[in-house]
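Visitor: For the sequence shown, position 24 matches number 24 in full-length UniProt numbering, and the numbering has no gaps at all. Glycine included, C-beta positions come from ideal geometry on N, C-alpha and C. Here it is, the structure in full.
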Amino acid sequence: MAARPVATLSLGEQIHEELTCSICLELFNKPKVLPCQHTFCQGCLQQLTLNKTTLFQCPVCSQWARKPCQGVKALPDNILVTTLQMRVQHQATPVKRKRESKDRCVLHQSEEIKLYCQQCDVPVCNECLDQNHSDHCTVSLKKAAQERKAPVQALVDEGKNNLARSCTFVKSLRDKERGLKEQTQQTKNNIISTYNQMVQKLTERRDCLLSEVEKIDNENMTMLQKERDSVLLDISKLAAACDRADEEMAKGGVVFLHQESILAGIMEKHRGNPAPSPVQNQSAVFQPIVTPVPVLGQVLVQARPNAQIPAAPAPVPAAPASCNDAPEAKPIQVCDESNNQPKTIIDGRKSSMVLHAVGF
């Protein structure tokens, strides 16, 4: 089921969602934070890394994290989440405790609160009245509750509005974090793709040059082989004629005279031709082209839109006190955040900074 928009979630639901583990969908139990700043229950991470020895991926952003040698329990605790959980649990119980204690005085535990001091804006017991509020205007708790309900409710509403704004802001930061992670991964993919394209072009050029060198070498070898075969054929004929003449002369007789014309013809051919000279060849030589180091591109650091906290509505004004002797009620001063709105600066640089990513 798709999550409801933040605007439709109540304040309690928003806080509950922030304190919910995205693995078990329950409130955090021993929250552990990963290097990517995402938080999960210790038990959930133990199940997630059960078959992992060193590295595992974050279930939210898929960033790799290293599993400590001591196990998941050695990961750092999320103190902020733990503190927020304790405060939420603590604020869920005080009303019941006060009702059970029958509104005892915080300064005199044995005394029950019965009156409300309008000058000091605090509930008091008889001991407080005698010690510090003897000449102050007081009213009953019931009447004070009726008079002070409106300004207290205004403060509660203002507080809830501020909490809702903060929760909305935290969610916008989470969305920004997700967007930054996606943009970072896309930028890395683009760099790798450009690098691979350049490597592919260089590889193709390398293969082309090697093929050209191989072709020149084959032509040279073919030419040398033809020259060698021609010379070896002449050598073979001349050696055979000389050997035959030697053999016939060694036997005696006149048979060698028949070899004279054959030997003379062969020698006449060699007399007319110059001595063999080395064949002229064109060898392949590589001449590297001196060029600047290839640059893949450049990484621009650009400012992204900041997550803004919307201004809180003005609170309901406090109701004036009804006691004639009481001093004039002081108005509640609320800071108008529309003119002094806090800003979270993600990247305060106005100009872009260029980082050159040099290749090979």
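1) Excluding the five sequence neighbours on either side, which residues of its own chain have a C-beta within less than 8 Å of the C-beta of Q37, listed in chain order?
2) Whole angstroms are fine: how far does the CA of E214 sit from the CA of C208?
3) Nearest CA to the CA of L75: which residue from Q46, Q85 and L50?
4) Indicate the three-state DSSP secondary structure (helix, strand or coil) for D77 in the structure shown.
5) On the DSSP bridge assignment, give the partners of E112 in chain order.
6) Going residue by residue through the UniProt domain "RING-type" (21-62), where are the continuous alpha helix (DSSP H) segments of at least 4 residues, counting only ones entirely within it?
7) Bridge partners for P288 per DSSP, in chain order?
8) So, helix, strand or coil for L19, using DSSP?
9) Looking only at its chain, what residues have a beta carbon closer than 6 Å to the beta carbon of A284, apart from the 5 residues adjacent to it on each side?
10) Would you tell me roughly how many angstroms separate the C-alpha atoms of L180 and Q14, rounded to the nearest one?
11) Residue range of the alpha helix (DSSP H) that S230 falls in?
12) Closer than 8 Å is the cut-off here; do at least three beta carbon pairs connect the stretch 112-131 with the stretch 63-78?
13) Comparing C-alpha positions only, which one of G43, F40 and K30 sits nearest to M86?
14) Would DSSP call A329 helix, strand or coil?
15) Using CA coordinates, which residue listed in Q109, V139 and R104 is at the minimum distance from C120?
16) Taking DSSP's pairing of strands, which residues face P123 in a bridge?
17) Nearest CA to the CA of I235: which residue from E247, D246, H270 and E204?
18) Counting C-beta neighbours from all protein chains within 10 Å, is the total for P123 16 or more, i.e. buried, or is it exposed?
19) Hey, L107 and L19: beta-carbon distance below 8 Å or not?
20) Could you give the distance in angstroms between the alpha-carbon of R148 and the alpha-carbon of E158?
21) Taking all protein chains shown into account, decide if A164 is buried (16 or more other Cβ within 10 angstroms of its Cβ) or exposed.
Guide: Looking at the atomic coordinates:
1) The answer, listed in chain order, is E177.
2) Between the C-alpha atoms of C208 and E214 there is a straight-line separation of about 10 Å.
3) Of the residues Q46, Q85 and L50, the one whose Cα lies closest to the Cα of L75 is Q46.
4) In this structure, D77 counts as strand in the three-state DSSP scheme.
5) Its beta-bridge partners are R104.
6) Listed in chain order, the complete alpha helix (DSSP H) runs (minimum 4 residues) inside the UniProt domain "RING-type" (21-62) are 42-48.
7) Looking at the DSSP assignment, P288 forms no beta bridge with any residue, so it has no partner.
8) Note: L19 maps to coil in three-state DSSP.
9) The residues are V213 and I216.
10) Within the model, the alpha-carbon separation for L180 versus Q14 is close to 23 Å.
11) For S230, the enclosing alpha helix (DSSP H) has its first and last residue at L141 to K251.
12) Contact fails: fewer than three Cβ-Cβ distances are below 8 Å.
13) Per the Cα distances, K30.
14) Residue placement at A329 is poorly supported in this model, since its pLDDT is 39, which falls under 50; the coordinates are not used for a value here.
15) Ranked by how close their Cα comes to the Cα of C120, the residues Q109, V139 and R104 have V139 in first place.
16) According to DSSP, which records beta bridges pairwise, P123 is partnered with Y116.
17) That would be H270, whose Cα lies nearest to the Cα of I235.
18) Buried is the call here.
19) The criterion of a C-beta distance shorter than 8 Å is not satisfied by L107 and L19.
20) Approximately 15 Å, taken between the alpha carbons.
21) It is buried - the Cβ of A164 has at least 16 other Cβ atoms within 10 Å.
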